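Q: There's a structure below that I have some questions on.
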Amino acid sequence: MAKIQAPKGVSEYFPPRSTYFEKVRETLIGAAKNAGYSMMELPVFEDTELFIRGVGESTDVVSKEMYTFEDRGGRSITLRPEGTAGVMRSVIEHNLDKGQLPVKVWYSGAFFRAERPQQGRYRQFYQVGIEAIGGSYPEIDAEVIAVAWRSFKTLGLTNFHLDITSLGDAESRSRHRVDLVKFLSGLNLDEATARRAEINPLRLFDDKRAEIIESMKSAPLLLDYLNNESLAHFQKVQELLTNFGVEFRINPRMVRGLDYYTGTTFEFVHDGLGAQSGIGGGGRYDGLMSDLGGADLSGIGFGIGVDRVLLAAEAEGIFVTDERPIESVKLFAIAMGVEAKSYVAGLVNALRDEGISADMAYGDRALKGSMKAADKSGARFSIVIGADELASGQAQLKDMQSGQMQSITIARYSDVTQKIRSL
RNA sequence: GUGGGCGUAGCUCAGCUGGUAGAGCACUCGGUUGUGGUCCGAGAUGUCGCGGGUUCGAGCCCCGUCGCUCACCCCA
206 MAKIQAPKGV SEYFPPRSTY FEKVRETLIG AAKNAGYSMM ELPVFEDTEL
256 FIRGVGESTD VVSKEMYTFE DRGGRSITLR PEGTAGVMRS VIEHNLDKGQ
306 LPVKVWYSGA FFRAERPQQG RYRQFYQVGI EAIGGSYPEI DAEVIAVAWR
356 SFKTLGLTNF HLDITSLGDA ESRSRHRVDL VKFLSGLNLD EATARRAEIN
406 PLRLFDDKRA EIIESMKSAP LLLDYLNNES LAHFQKVQEL LTNFGVEFRI
456 NPRMVRGLDY YTGTTFEFVH DGLGAQSGIG GGGRYDGLMS DLGGADLSGI
506 GFGIGVDRVL LAAEAEGIFV TDERPIESVK LFAIAMGVEA KSYVAGLVNA
556 LRDEGISADM AYGDRALKGS MKAADKSGAR FSIVIGADEL ASGQAQLKDM
606 QSGQMQSITI ARYSDVTQKI RSL
């Protein structure tokens with residue numbers, strides 16, 4: 206029988222690495238909760254129109270990276286390539302924007318893009334994101350950035366940096382665009398590059414080729430075109446971040462791939478990854494809500510790539526790969542002989558009933574093998590129970606770290622649960 | 001979509017100018033009638049990615065194909 210393989214480019218996590226993945230995700234979510242964000246659980250597929258209108262038809266994400274299919278009713282469905290559009294749709298649909306503002310929510314889940322996979326880039330990947338909708342105060346910009354910053358710090362990441370810039374408001378952007386296009390027309394660009402410039406002239410700032418980087422050095426920067434209002438907002442955000450102790454650098458050449466961004470935008474970059482070095486990013490979006498048929502509210506949010514943060518954490522040696530699980534059970538019980546087997550199964554079940562984590566050795570392994578299983582499980586204590594122990598009502602409880610043993614009563618399950626709870 | 005590298009044990013990999021398949025780790029058992037981590041010994045495990053070709057003989061050479069991977073592009 207031929208083995209069935211996972212579809213190309215998907216990431217999967219299984220023990221022991223899955224425990225690290227979980228730790229990363231929980232840390233990111235924890236930072237969001239800690240700042241007053243509430244959970245939102247959304248569908249992984251949406252009406253295709255949502256992403257065309259929300260993310261922007263001209264973006265690469267929409268034009269060539271979406272998983273789009275027709276459902277049985279003939280509707281065009283797309284597996285979500287990002288999280289913000291879905292959140293907006295749901296907020297509008299359920300009138301959350303008519304309640305108290307800002308609406309602050311977090312989400313976590315799988316996202317899909319049909320790209321050629323490589324290190325840190327998958328066709329199904331995981332993101333944790335937050336959105337704060339309704340309110341264009343600089344304090345919210347600073348809060349959102351600080352939440353991401355704090356989550357990375359809490360994880361123990363050090364080898365990363367934060368780039369920020371402002372794309373200003375529509376007025377600032379269109380003034381800049383005129384000059385930028387004029388500048389680019391004076392450059393001798395190849396056909397593919399010229400086409401990219403036509404779709405989004407800002408893209409050229411992101412080009413990795415040395416000659417393009419060189420010729421873009423004298424290109425007009427959007428940051429220099431911000432009007433007073435946009436500039437004041439951006440300066441306030443910087444001031445707040447500095448007060449918070451969040452380190453950042455202003456990168457006027459930073460480019461984001463989604464069309465909806467306006468004003469403050471930011472990106473977290475890790476230095477220990479391959480080519481896919483962005484571990485998270487986001488920004489403000491002024492017109493998105495109204496474009497999707499909602500109230501004309503501004504919002505700001507970020508998306509953090511869980512897969513990439515895990516890679517980054519591993520690159521920094523945050524997770525020591527000693528095979529021992531980081532989360533383990535309190536007691537590991539081993540039975541010697543058949544009668545003891547059912548006693549032990551009952552004991553483990555009783556412990557679990559009491560909320561005490563417990564596991565056991567199955568089958569007829571030699572004691573040595575069962576002790577090895579106890580060791581591997583990372584259990585805090587182990588206990589061996591055979592005919593002798595059942596007869597005497599006493600057994601040796603072993604501390605797996607120190608190796609010390611103590612005699613405990615096992616006559617009733619409650620004797621054991623009480624004892625274990627007290628340790 | 002474009003280019004490079006690689007497919008041999010569960011994992012990481014070795015395998016000479018073609019001659020019938022190896023190591024380390026992990027696993028199981030034993031050394032120590034019932035106490036793990038260290039040490040020692042033994043054992044099990046392979047359609048050498050798949051299909052074809054050349055050859056007396058292919059893991060090795062040739063062609064095709066599938067997969068993985070890294071980079072471009074793009075992005076989390």
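My numbering puts the first residue of the first sequence at 206, with every later residue one more than the last.
Don't be surprised by glycine CBs; every beta carbon is placed ideally from N, CA and C.
These numbers come from a predicted model, not from an experiment.
Could you check what DSSP says for E270 in three-state terms: helix, strand or coil?
A: If DSSP states are grouped into helix, strand and coil, E270 belongs with coil.
Q: In three-state DSSP terms, what is M421?
A: Helix, per DSSP.
Q: When the Cα atoms are used, what is the spatial distance from D593 to I615?
A: If I take the Cα positions, the gap works out to 12 Å.
Q: If I measure Cβ to Cβ from V217 and keep anything under 8 Å in the same chain, skipping five residues before and after, which residues do I get?
A: One point to set straight first is that residue 217 is Glu, not Val, in the sequence displayed. Once the five neighbours on either side are set aside, the close Cβ partners of E217 are A211.
Q: Can you list, in chain order, the residues of its chain whose CB lies under 8 Å from that of L497, leaving out five sequence neighbours each side?
A: So the qualifying residues of the chain are L255, R258, G259, A290, M293, R294, I297.
Q: Taking a contact to mean a Cβ-Cβ separation below 8 Å, would you say Y430 touches S371 in this structure?
A: No.
Q: Going along the chain, which residues of its own chain have a beta-carbon closer than 7 Å to the beta-carbon of R285, five neighbours each way excluded?
A: Taken in chain order, the residues that qualify are V249, F250, E251, G291, F316, F317.
Q: What are the partner residues of D558, as DSSP defines its beta bridges?
A: Paired residues: none, contrary to the question.
Q: Count the other CB atoms within 10 Å of the CB of S503; is the residue buried (16 or more) or exposed (fewer)?
A: So S503 counts as buried.
Q: State yes or no: is the C-beta of A578 within less than 8 Å of the C-beta of L536?
A: The answer is no: Cβ separation not under 8 Å.
Q: Which one or two residues does DSSP pair with W644 in a beta bridge?
A: There is no way to answer for residue 644, as the model of the chain reaches only from 206 to 628.
Q: Helix or strand or just coil, what does DSSP make of S482?
A: It is coil, neither helix nor strand.
Q: In the DSSP assignment, what residue or residues form a beta bridge with M565?
A: Answer by DSSP bridge pairing, in chain order: A538.
Q: CA-CA distance, Q609 and A517?
A: Between Q609 and A517, the C-alpha separation is close to 38 Å.
Q: Going by DSSP, what residue range makes up the alpha helix (DSSP H) through M494?
A: Here the alpha helix (DSSP H) through M494 covers 493 to 496.
Q: Quick test of your reading: V333 and L463, contact by CB under 8 Å. State the CB separation rounded to the nearest angstrom.
A: Between L463 and V333 the Cβ distance is about 17 Å, and since that is not below 8 Å, they are no contact.
Q: Between the C-alpha atoms of T467 and R414, what's the straight-line distance to the nearest angstrom?
A: Going from the Cα of T467 to the Cα of R414 covers about 27 Å.
Q: Which residue's Cα is closest to the Cα of Q329: T224, I345, E270?
A: The shortest Cα separation from Q329 among T224, I345, E270 belongs to E270.
Q: Which residue marks the beginning of the alpha helix (DSSP H) containing H381, and which one marks its end?
A: Element bounds for H381: 375 to 390.
Q: Verify whether the separation of the beta carbon atoms of V511 and L233 is less than 8 Å.
A: Taking 8 Å as the Cβ cut-off, V511 and L233 qualify as a contacting pair.
Q: For D374, which of N432, G391, K228, V229 has the nearest alpha-carbon?
A: When each option's Cα is compared against that of D374, the closest is N432.
Q: Which residues bound the beta strand (DSSP E) around Q443?
A: Where Q443 is concerned, there is no enclosing beta strand (DSSP E), although the alpha helix (DSSP H) it sits in stretches over 433 to 449.
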